[in-house]
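To keep things clear, I will list the structure first and then write my remarks on it.
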Amino acid sequence: MNTNADPVVLVLNDLQKSFGDLGIMRGVNLAVRRGERHAVIGPNGAGKSTLFNLISGALPPSGGSIRLNGRSIHGFAPERINRMGLARSFQITSVFGRMSALENLRIGVMARHGVRFDLFSPVKAKRRINDDAHALLERIKLRHRANVPAADLTYSEQRSLEIGMTLATGAEMILLDEPTAGMSREETAYMVELIREVTTDKTLMVVEHDMSVVFGLCDRISVLVYGTILATGTPDEIRASQPVRDAYLGTEAV
Amino acid sequence: MMRTRIVIGVLMAVPLVAVPPLLGLGWQNTLNSMLIASLFAAAFNLLMGQGGMLSFGHSAFYGVGAFAVLHVMKAAEAGFPFPTPLLPLVGGIAGLLLGAAAGFLATMRSGVYFSLVTLALAELLHALAPNWSGVFGGESGLSSMRMPWLGIDFGSPIEVYYLTLAWVAVSLALLYAYTCTPFGRLTLALRDNERRIRFMGFNAHATKTLVFSISGLFSGIAGGLLAISTETASYGILSSQVSAMVVIHTFVGGSTIFLGPVLGASLFTLFSFLMSEVTRAWLLYQGLIFVLVMLYAPKGLAGIFEAHWSNRGRLPWSRLAVPYAAALASSMLISGATTFAIQIIEQVFSSPYKAAALGTGVWPPVSVLGVSVLPASFITWLMIAAAFAAGIAGIIRTRPVIATLWADGSEGDAPAVRVPTSTAA
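Chains as they are written, first to last, in the numbering used here: chain A, 1 to 254; chain B, 255 to 679.
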């Protein structure tokens with residue numbers, strides 16, 4: 001959907017964020033290449049969630065630059081960033097609880113087709129929107145739960161729906177915030193497989209604590225420690241990196 | 255589902271069209287007021303039930319609609335040729351414009367702060383109106399006359415009633431159609447999770463402002479209909495009592511169901527018509543009903559119907575009959591005892607009674623529901639207390655029985671009721 005030939009989708013340059021005197025992001029430099037699956041790991045309090053909040057527009061940066069497909073998105077509102085092709089999921093499930101699973105996706109599909117303030121036709125008559133929503137529901141394997149209110153889905157179904165809603169708006173760049181948080185081993189394996197399937201043609205950036213997910217799913221890894229990137233590389237390079245071992249991974253995780 | 259809705263519509267429409275000509279003027283006026291209150295509550299609930307925004311200042315849009323219509327009626331009286339049947343549209347436009355401005359400001363905040371901003375804006379208008387005679391006619395307000403149009407002279411209440419009925423029917427149909435549009439679905443998503451819609455590419459502030467404006471539009475139409483019916487409007491229509499009234503109507507009826515507010519507004523308007531003749535304590539009864547519904551049926555009266563309807567195939571009706579009858583009898587004992595107590599107290603504290611009692615030193619009997627009772631008698635209060643206690647005991651006994659039968663019959667709790675969710679293709 002994006003014909004931009006630039007091999008880099010997202011570039012962070014000296015990105016800063018401070019709350020009062022407290023510097024949370026202290027000059028982050030990062031480039032995410034088109035089509036890769038890029039993990040951000042780091043100890044608690046390293047600023048991973050803040051980084052996602054800055055990229056997705058939930059918080060304005062204090063300094064530095066963020067460029068999406070070559071255009072600055074510094075300080076843009078979340079909806080504007082989404083329309084430019086970047087969507088995010090939430091660590092704490094964030095769905096439309098009283099609406100059905102299908103409708104949760106359909107809201108996002110409406111946005112993809114630019115249907116926002118349409119007051120003059122029934123949503124039933126929007127063939128393409130309904131077809132796309134059904135297709136997406138199929139892809140996240142919740143077809144049999146189409147008419148169940150999102151609040152009544154099981155936790156792992158809600159996590160699948162969370163991924164589906166992130167994909168629904170058609171963004172090319174997908175940010176997933178701890179997609180397997182709170183899941184059992186089997187559920188985690190299922191979720192990793194699902195993420196792999198549904199993001200084949202996307203660029204993925206994921207914050208994750210589970211190292212098996214990170215090393216199993218991602219092509220490249222950035223290690224964020226105290227608001228700066230300590231290292232970026234392939235899983236093998238990160239495993240082998242002495243500074244990363246010292247700062248974060250320890251020995252048993254590798 | 256669609257067929258059910260059409261059936262509901264026809265069942266409501268036929269008696270509303272056919273019966274009123276056979277009724278007296280008082281009833282025609284009451285039905286007219288019920289329709290107007292219904293539309294106002296439905297318009298309010300677009301914002302509250304569907305958009306998740308609780309406005310405490312909806313009298314502003316209702317009132318502005320009424321004043322706008324009166325200005326055009328006065329102009330029509332002076333010779334400006336405006337068709338009387340289209341007057342409510344003027345109220346709607348006024349409500350829409352004020353709604354857009356107030357909505358833009360109020361929706362910058364959410365939750366309690368949103369409610370307080372709406373309250374403050376309406377109070378501002380309410381304080382301003384009596385001092386601004388050019389627009390609001392000062393303290394005495396504005397009044398005018400309905401002009402004839404195309405041979406209809408709009409002189410009798412029944413003509414006004416049919417005009418109201420037509421506007422309310424069309425407005426409710428449009429409000430229902432709204433829930434089926436993409437923007438109507440977005441409104442529900444906004445209510446459920448405002449943050450998420452922003453991250454899905456929707457401008458939440460613009461969305462909220464538009465929902466607010468449309469609610470203002472239909473509130474303005476309701477206010478306009480009121481102005482046409484009464485041929486007058488004063489600043490009292492902007493008061494917080496009017497705002498509170500629409501909140502109560504909506505919650506008693508049930509904000510999670512499309513027709514809930516219509517039910518609440520109709521019943522309360524009817525109740526006030528019937529009761530205000532009988533007792534000055536009718537507002538107290540309304541308040542009691544409101545508190546009871548909020549405590550024991552938070553989804554409102556329509557929520558009770560909805561829960562029964564959606565479980566109709568599963569509930570053991572024959573086994574429910576006796577406990578339901580017992581619960582009804584107990585409720586009537588409680589209501590009866592409460593009514594007697596309130597009515598005795600009301601009459602004893604009225605000035606003529608006090609004067610008589612103080613003058614003679616005796617407490618003469620008072621009449622409640624046609625029964626003569628002695629307010630100073632121990633027996634009177636013992637009987638009231640006994641009836642009340644018996645009712646409470648009956649409720650305590652039957653509630654668990656009913657709850658058990660419900661748990662057996664329905665799978666889990668009654669489903670969370672909501673505005674149509676099944677418009678999925």
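Backbone N, C-alpha and C define an ideal beta-carbon position, used for all residues, glycine too.
Setting aside the 5 residues that flank it on each side, B/SER626 is surrounded in the same chain by PRO619, each with a C-beta closer than 6 Å to its C-beta; the list follows chain order. Within the region 316–404 of chain B, the runs of alpha helix (DSSP H) that reach at least 4 residues and sit entirely inside it are, in chain order, 341–360, 365–382 and 387–390. The C-beta of B/ASN286 comes no closer than 8 Å to any C-beta of chain A. If you ignore the 5 residues before and after B/TRP536, its C-beta comes within less than 8 Å of the C-beta of PHE525, SER526, MET529 and SER530, all in its own chain and listed in chain order. The alpha carbon of A/VAL8 has as its nearest neighbour, out of A/ARG26, A/HIS38 and A/ASN82, the alpha carbon of A/HIS38. Counting only the Cα atoms, A/ALA168 lies some 44 Å from B/LEU492. Listed in chain order, the positions of the region 451–485 of chain B with a beta carbon within less than 9 Å of a beta carbon of chain A are ILE451, ARG452, PHE453, MET454, GLY455, PHE456, ASN457, ALA458, ALA460, THR461, LEU464 and ILE468. The straight-line gap separating the alpha-carbon atoms of A/VAL11 and A/ASN69 is approximately 8 Å. Take the alpha-carbon of B/PHE315 and the one of B/ASN299: they are about 14 Å apart. Of the residues B/VAL501, B/GLY280, B/LEU285 and B/PHE505, the one whose Cα lies closest to the Cα of B/ALA267 is B/LEU285. At a cut-off of 4 residues, the continuous stretches assigned as alpha helix (DSSP H) that sit fully inside the region 567–617 of chain B are 571–602 and 605–614. Closest by C-alpha distance to A/THR232, out of A/ARG26, A/MET25 and A/GLY42, is A/GLY42. Within chain B, the residues THR435, PRO436 and PHE437 have their CB atoms less than 7 Å from the CB of A/ASP118, given in chain order. Looking at the backbone, the Cα of B/VAL271 and that of B/LEU417 are separated by about 11 Å. Here A/ASP177 is bridged, per DSSP, to A/VAL207. In this structure, A/ALA171 keeps its C-beta atom at 8 Å or more from the C-beta atom of A/GLY75. Contact annotation for A/ARG83 against chain B: GLY455 [CB-CB distance below 7 Å, chain order]. Cβ neighbours of B/SER483 within its own chain (closer than 6 Å, five residues either side excluded): ASN286 and VAL414. At the C-beta level, A/VAL95 and B/PRO436 stay beyond 8 Å of one another. B/ALA443 reaches chain A at PHE96, MET99 and ILE107, counting residues in chain order whose Cβ is nearer than 7 Å. In the three-state reduction of the DSSP assignment, A/VAL198 falls in the helix class, which pools H, G and I. Taking the beta carbon of B/LEU440 as reference, the chain A residues within 8 Å of it are ILE107, MET110 and ARG116, listed in sequence order.
Membership of A/ASP14 in the beta strand (DSSP E) is indicated by the continuous run 8–19. For B/MET529, the uninterrupted alpha helix (DSSP H) run begins and ends at 514–532, by DSSP. Among the CB atoms of chain B, none fall inside 8 Å of the CB of A/GLU208. For B/HIS562, the enclosing alpha helix (DSSP H) has its first and last residue at 554–564.
No Cβ-Cβ contact shorter than 8 Å links B/SER497 with B/SER364.
Contact between B/ASN457 and A/GLU79 holds, since their C-beta atoms are separated by about 5 Å, short of 8 Å.
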